[in-house]
Amino acid sequence: MQAIITQILSILKKNDSLFSSEAMLKLFFEELTKLLMEYALKQYEQECIHQYKTEGWELERKESRTINFTFGEVTFKRYRMRKEGEKSVIPLDKSLSLPAREHYSPGAKGQMIAIIDGMTYRKAAETINSLCPYTVSHQSLHKVVQKEGKLAKEWLKEDIQCEDELKKVKHLFIEADGVLIKSKAKGKHEEIHRAVVHEGVKKVGGRTVLINARMITSMLSSRQLLKEVSFYIESHYKTNDTIIITNSDGGSGYEYDKFNHILGNRAAHEHFTDSYHVNQKIQKRLAHDPEMIILIRKAIYEHNWEKVVAVLDTAESRCLVRNGLDVSAQLNEIQRLKNYLYKHWPYLQPRHMRPHEVPRGGIGVIESKHRRCTYRMKYQGRNWTKSGAENMVTLITLKENGLLEAYLRRKEIESSVLDDEPIEVTKRRMSTYLKETIRDSKGALSGRIPNSGSTSSSIGVLRKSVL
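Residue numbering for the sequence shown follows my numbering, beginning at 2 and increasing consecutively.
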């Protein structure tokens, strides 16, 4: 300990600026951490090997491996063991749940996933290389994200379980919508189907947040999405006395009857057509007559169809050639608005007029919940294959639901850990291993600290003091 403190003091004293000292201390602590990790792994391996030896396993050979941890790159050597009639095994890898041919720890992968949902692969790689004590190329980052997205999708399917005691809530909100993204196939698009289930809203400081929100995503269809929503509700809530409040833009696959079908015999169901989309329609269809927009909104809020018809009739009579539009085009826009409002009229009734109590807030949140997904998938994504988009969306949804850490903590039991490596790889690695015997070892075997400087440098002095 005193040797370490001495080196820290030496670095602080011999630099003119704190910036230079901090840069050197960063390298110092990275090297120190890697050294300690190498020694710890070496000791841990001895414990693992002892257990295997008692079961009849024998040492076969030592193999080198490099893993990028959140605290830096660590290279270490460990034994492969064999037993007649059994596949060879590396005890240390198995104990640490390290899959074969993996170069990044779960923590490092978590950092990558946390960064990638807000920027492109190339930009994310630059950010990681600047802020983290390990490096990654944008190609490697892409491979990691796609692989983890695929594994996360399977993990989510297996992890969803029914709660021991179903929750009873007074209100339960469900909203669903689709997001179109560009496909790599020319002239085609992929659709991301997303839904949010929550129990209402609450104030946290100055912010309004959803209570127990759960994002559910599917790349298959709106029907599959609503099936997953139904399964989630049935496995978490007892809804006999719950008022179910649904909201959507009323597009194909998200109509009232589709929601009602998955809810079954619930106590109460109140469906709304999303006000954001309704206002969009009004502004678009009555863009030639802004004065009528205010009147039509008031009539809708009062839920008075006679007033709606009267306002639209007045708008028709006021039709003039404006902004290059002829009268027939304006009349067509008004008629289309009337048809739209008539189709959705039962679901435009304000909450205070509903037969069941509908609390203020909690409705119309799906658009804001889209932002993280749309920013990455539409504006930073350029175009996607279906599988690539599905993997990325899975990770984004995992993070939104606060399940990223639980996924990374999962116990991995993969057969690849126990399998022998391919013959070509084994021959290459054994050749490298044999060549290393004619050179000074710099790995954990000799206990040396990597030092690119002189023996009088901070790391060099520490190495001599420790060893």
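Don't be surprised by glycine CBs; every beta carbon is placed ideally from N, CA and C. A quick note: this is a predicted structure, and the numbers were derived from the prediction, not measured.
| Item | Value |
| --- | --- |
| Identify which residue in Glu31, Pro92, Asn16, Thr67 has its Cα closest to the Cα of His51. | Pro92 |
| With a 10 Å radius around its C-beta and 16 neighbouring C-beta atoms as the bar for buried, classify Asp250 as buried or exposed. | buried |
| Out of Lys183, Leu132, Ile114, which has the shortest C-alpha to C-alpha gap to Ala153? | Ile114 |
| Does DSSP put Met220 in a helix, a strand or coil? | coil |
| So Tyr348 and His272 are in contact, right, with Cβ under 8 Å, and what is the actual spacing, rounded? | 5 Å |
| Report yes if the CB atom of Lys63 is closer than 8 Å to the CB atom of Tyr80, and no otherwise. | yes |
| Keeping to the same chain, check which residues put their C-beta closer than 8 Å to that of Glu31; ignore five residues upstream and five downstream. | Phe72, Gly73, Pro134 |
| Are the Cβ atoms of Ala269 and Ile297 separated by less than 8 Å? | no |
| Cβ of His194 within 8 Å of Cβ of Leu142? | no |
| Could you name each continuous beta strand (DSSP E) segment of 3 residues or more that falls completely within the segment 249-292, going from the start of the chain to the end? | 269-274 |
| Between which two residues does the alpha helix (DSSP H) harbouring Lys15 extend? | 3-15 |
| Could you please give the first and the last residue of the uninterrupted alpha helix (DSSP H) stretch that includes Glu46? | 19-55 |
| Under the assumption that Ile217 contacts Arg286 (Cβ atoms under 8 Å), give the Cβ distance between them as a whole number of angstroms. | Not confirmed; about 33 Å, so no contact. |
| Out of Asn402, Leu396, Ile283, which has the shortest C-alpha to C-alpha gap to Lys151? | Leu396 |
| For Ala1, count neighbouring Cβ atoms within 10 angstroms of its own Cβ and tell me buried if that reaches 16, exposed if not. | The question about residue 1 has no answer here: the residues shown for the chain are numbered 2 through 468. |
| Quick one: grab the DSSP three-state call for Thr395. | helix |
| In terms of residue numbering, what span does the beta strand (DSSP E) encompassing Ile68 cover? | 59-70 |
| Do the segment 385-405 and the segment 107-127 touch if we need at least three Cβ pairs shorter than 8 Å? | yes |
| Thr375 and Lys185: beta carbons closer than 8 Å? | no |
| Tell me whether the beta-carbon of Val170 lies closer than 8 Å to the beta-carbon of Glu200. | yes |
| Tell me the start and end of each unbroken alpha helix (DSSP H) in the segment 95-171 that is at least 4 residues and wholly inside, in chain order. | 107-117, 122-132, 139-160 |
| For a test of the three-state rule: what should DSSP assign to Arg361, helix, strand or coil? | coil |
| Can you have a look at Thr398 and say buried or exposed, based on whether 16 or more other CB atoms are within 10 angstroms of its CB? | buried |
| Can you give me the C-alpha to C-alpha distance between Phe20 and Leu99, rounded to a whole angstrom? | 37 Å |
| Please state whether DSSP places Glu192 in a helix, a strand or coil. | strand |
| I need the boundaries of the alpha helix (DSSP H) containing Val309, first residue and last residue. | 306-318 |
| On the criterion of 16 or more Cβ atoms from any shown chain inside 10 Å, does Lys15 qualify as buried, or is it exposed? | exposed |
| Quick check: what's the CA-CA separation for Gln147 versus Glu391? | 9 Å |
| Mind checking whether Leu173 and Tyr238 have CB atoms under 8 Å apart? | yes |
| Considering only the alpha carbon of each residue, which of His278, Gly207, Gly108, Thr7 lies closest to Ile364? | His278 |
| Suppose you measure from the CA of Asp473 to the CA of His345; what does that come to, to the nearest Å? | Outside the shown range of the chain (2 to 468) lies residue 473, about which nothing can therefore be said. |
| Could you give the distance in angstroms between the alpha-carbon of Pro351 and the alpha-carbon of Pro360? | 11 Å |
| Buried or exposed, going by whether 16 or more other CB atoms sit within 10 Å of the CB of Ile175? | buried |
| Going by beta-carbon coordinates alone, are Lys110 and Leu409 separated by less than 8 Å? | yes |
| Does DSSP put Ser503 in a helix, in a strand, or in coil? | Residue coverage of the chain in this structure runs from 2 to 468, which leaves residue 503 outside it and unanswerable. |
| Do you know how far the Cα of Val312 is from the Cα of Tyr302? | 13 Å |
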